[in-house]
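K.L.:
In mature numbering (1 follows the signal peptide of the UniProt record, and there is no 0), the protein residues as written are -19 to -1, 1 to 250.
(1) Identify which residue in 66, 82, 18, 59 has its Cα closest to the Cα of residue 47.
(2) Select from 200, 192, 199 the residue whose C-alpha is nearest the C-alpha of residue 217.
(3) State the beta-bridge partners of residue 61 as determined by DSSP.
(4) Starting from residue 226, trace the beta strand (DSSP E) both ways and give me its first and last residue.
(5) Does residue 201 come out as helix, strand or coil in the three-state DSSP assignment?
(6) When you compare the CB positions of residue 87 and residue 65, do they come within less than 7 angstroms of one another, or not?
(7) Compute the Euclidean distance between the alpha carbons of residue 186 and residue 207, then round it to the nearest angstrom.
(8) Identify whether residue 221 lies in helix, strand or coil by the three-state DSSP scheme.
(9) Got a sec: does the ligand GTP put a non-hydrogen atom nearer than 6 angstroms to the Cβ of residue 130?
(10) If we call anything under 7 angstroms between Cβ atoms a contact, is residue 18 one with residue 167?
(11) Once you ignore the five residues that flank residue 180 on each side, which residues in its own chain have a CB closer than 8 angstroms to its CB?
(12) Which term fits residue 55, buried or exposed, when burial requires 16 or more other beta carbons within 10 angstroms of its beta carbon?
(13) Over the uninterrupted beta strand (DSSP E) stretch that includes residue 215, give me the two end residues.
(14) Leaving out the 5 sequence neighbours to the left and right, which residues in its chain are closer than 6 angstroms to residue 106 when beta-carbon positions are compared?
(15) Measuring alpha carbon to alpha carbon, tell me which of 132, 67, 144 ends up nearest residue 16.
(16) So is residue 51 buried or exposed if we call it buried at 16+ other beta carbons inside 10 Å?
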């Protein structure tokens, strides 16, 4: 610890990020990403460790089991509460309740916001901490330098073939900044976004008497989403006012999402 404390004093500042102050990604649209860092986009629950507690993207405190954060460092971390691919519903259910089962869930970190230096140096600070605290429920997300756009696309294919969600691209020399950033991009075969449910449309045929589609609204305007719903969703649809996540492939001539498909209700604490 004697060698670590001076590093803390030199590298960290007092500012903290909560809720909307987190760094958020834009979409990859053929930008020049050679030399950037790429990593798997984990399908978990976003979480920010402020040095004392874990908070959600909206700034609400999680309630992990006693002792879960015992070996966490005294400085902020930004990452994803995650256990395994294809387990989003289980992860979300666990971290949103006080009695949830957090076994196997770790904070997978993609940045150390208040550390100095580039992305690799910031993550190295945490890796040094983990060397001294191997029992911490923390993992550093591996970062790979991008050789070319083709290299990133090949990595995306590898991730998606293994059941992963996509790839995150980060300019390694950029500082951590709040809000939507052009220096943090997400690369996926399908894009996703969020919208607010404005109304329900009754279905036809086998869906008569239950949900056929929802009306949705975001910065793109109003549009319908009629696919992606399970039978249970059509019987108990997302309520009007709910924030939902949908996937899409490009845009129509009107500027609305093409092939919009319901993914899930957004449930932050």
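Where is the CB? At the ideal position from N, CA and C, for every residue including glycine. These figures come from a predicted structure and were not determined experimentally.
P.N.:
Quick look at the numbers:
(1) Closest by alpha carbon: 82.
(2) Nearest neighbour of residue 217 by Cα position, chosen from 200, 192, 199, turns out to be 192.
(3) The partner list for residue 61 (beta bridge, DSSP) reads 27, 89.
(4) Where residue 226 is concerned, the enclosing beta strand (DSSP E) stretches over 224 to 229.
(5) DSSP places residue 201 in the coil class of the three-state scheme, outside both helix and strand.
(6) The Cβ atoms of residue 87 and residue 65 lie no closer than 7 angstroms to each other.
(7) The alpha-carbon separation between residue 186 and residue 207 amounts to approximately 14 angstroms.
(8) Residue 221: coil per DSSP, three-state reduction.
(9) The ligand GTP is not among the ligands present in this structure, which contains no ligands whatsoever.
(10) The Cβ atoms of residue 18 and residue 167 lie no closer than 7 angstroms to each other.
(11) Only 195, 196, 221 meet the Cβ criterion.
(12) By the Cβ neighbour-count rule, residue 55 is exposed, with fewer than 16 other Cβ atoms within 10 Å of its own.
(13) Run containing residue 215: none in the beta strand (DSSP E); it sits in the alpha helix (DSSP H), 212 to 216.
(14) Within its own chain, the residues whose Cβ lies closer than 6 angstroms to the Cβ of residue 106, once the five positions on either side in sequence are excluded, are 93, 96, listed in chain order.
(15) Closest in C-alpha terms to residue 16, from the list 132, 67, 144, comes 132.
(16) With fewer than 16 Cβ atoms within 10 Å of its Cβ, residue 51 is classed as exposed.
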